[in-house]
Amino acid sequence: MIIKALFWIVRSVRTQHSFHRIQMLHKYHNFAIIALMEPFQEARNIHKYKRRLGMQYANYNINGKIWVFIQDHIQVGVLSDTEQQLTLQLNFQNSSESLITTIVYAKCDTQERLTLWNEIYSLSHNMNLPWIVGDRGLPVTPNEVEDIAFCVNSCDLLDINFKGSPFTWWNGKADNYAPLLLSFGGQQPHIRKPFKFLKFWVEEADFKDVVKRSWVAQENSDIFITIKQKMKNTKYALACWSKERFGDIFKQLIIREKIVRLKEEFFEENPTISNRIVLQSAQAELKRYLHFEEDEREEKETFAFKNHQRRWAMGRRE
C-alpha cells in the first residue's frame, strides 16, 4: 500500500495563495496525511480548514504551531504532544498496517532544541512500527547539522532520499519553505551483511541457549551438508540475537557517548535526583559498550599479530 503525505512549514494558512496550493496538491495527490507547521491561525479555526480539505480528523499540538489533517480510513491515537512535536499512531482500516509519525516544529534556540532531541530519543525506545519523523525546518549551521545527525543516528533513523531542489526555501525567499511531499509503503530491498562472531557474546547468559536452539538441521547422508546447514542456522540466529541485544557496536558507542554528553548538560541545568539517576544510567550503558569495543579491538589486534607472524614465518622458509 502506497501512502502519500504532505509536510509543510506553511507560514500562515490565512493567505489565499498558500491554502489554495494545499488544496490543489491534495486534489492531485489525495494525501492520507497533511501536516502544517506555523499555520499562524487560531487553533479553534482548524475544523474550518478540515472541512475545506475534506478530511475526517484534525488536531494540533499544545501551542498550536503544528496542525495535522488525516483521512477517514485511518484511526488515530495521540502518543505524545509537546511544544516542538506531535506524535501520532496511525492504523489503516483497509489493511493491517500501522505506522507512527512524529511531526516536528523545532524551536530556534539550540538549548530549547535539546528538549526536542531528548523527546524523540525517548520515543525511539521500543519502537516496533514504521516511524516517520519530519519536517525539521531548521537553519543549517555546523553545530545544528551535528545535532540533527546525532538525533538521527541515536534513534536509528534514516535520512531518506528525495527528488527536487536540495534547498528548503520556495518562491525565491529564504523565509518561505517549500512543501515536502512524501510517498512511502511497499517492500524495501533486503541488504545482507557478512556474519562476524564477536568475542563478548559468550559473556551473555543466554548465548549458549541461542546456539543450542539453532544448532539443528534435517539429517542428510552427507554429514558435511548437515554441518553446513547447522552453521547457517546458527549464524542467522546469532546475528538476529546480536542485532536485537547490541545493535551496531561502534555506532552505538558513538551514540552513547553523545547521550552521556546531553544528559550531563541536562543535569547541569537541572541537578535533580531523577536527572542524576538518568545520567548514571547513561554512563553505565556507555561503560558497557566501551567494554564491548575493547574486546573487539583486542580481537582485531590478535588476528593482525598472528597474521603478521604467519607472513614472517613463510618469509623465513623461503
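Just so you know, we're using our numbering here: the sequence shown kicks off at 3 and counts up by one.
Yeah, the Cβ is synthetic: ideal placement off N, Cα and C, and Gly gets one too.
On a predicted model such as this, the values are computed, not experimentally measured, just so you know.
Distance from the CA of glutamate 40 to the CA of asparagine 65, rounded to the nearest whole angstrom, comes to 10 Å. The beta strand (DSSP E) runs of length 3 or more contained entirely in the region 61 to 125 are, from start to end of the chain, 68 to 72, 76 to 83, 87 to 94, 100 to 106. In the three-state reduction of the DSSP assignment, isoleucine 5 falls in the strand class, which pools E and B.
By the beta-carbon neighbour count (other beta carbons within 10 angstroms, threshold 16), aspartate 161 is exposed. Judged by pairs of C-beta atoms under 8 Å, the region 42 to 52 does not touch the region 77 to 96, as fewer than three such pairs exist. Annotation: isoleucine 162 is outside any beta strand (DSSP E) and is labelled neither H nor E by DSSP. Per DSSP, the beta bridge partners of alanine 37 are Phe9, Val70. Three or more beta-carbon pairs separated by less than 8 Å link the region 198 to 218 to the region 280 to 298, which places the two stretches in contact. One thing to note: valine 135 has its Cβ within 9 Å of the Cβ of cysteine 157. As computed with DSSP, tryptophan 203 is found in no beta bridge at all.
With contact defined as three or more Cβ pairs closer than 8 Å, the region 213 to 222 and the region 27 to 42 are not in contact. In terms of CA proximity to histidine 28, Gln73 leads the group Phe42, Asn63, Gln73, Gln43. Bounds of the beta strand (DSSP E) holding serine 185 are 182 to 186.
Per the coordinates, the alpha-carbon of tyrosine 30 lies some 31 Å from the alpha-carbon of valine 154.
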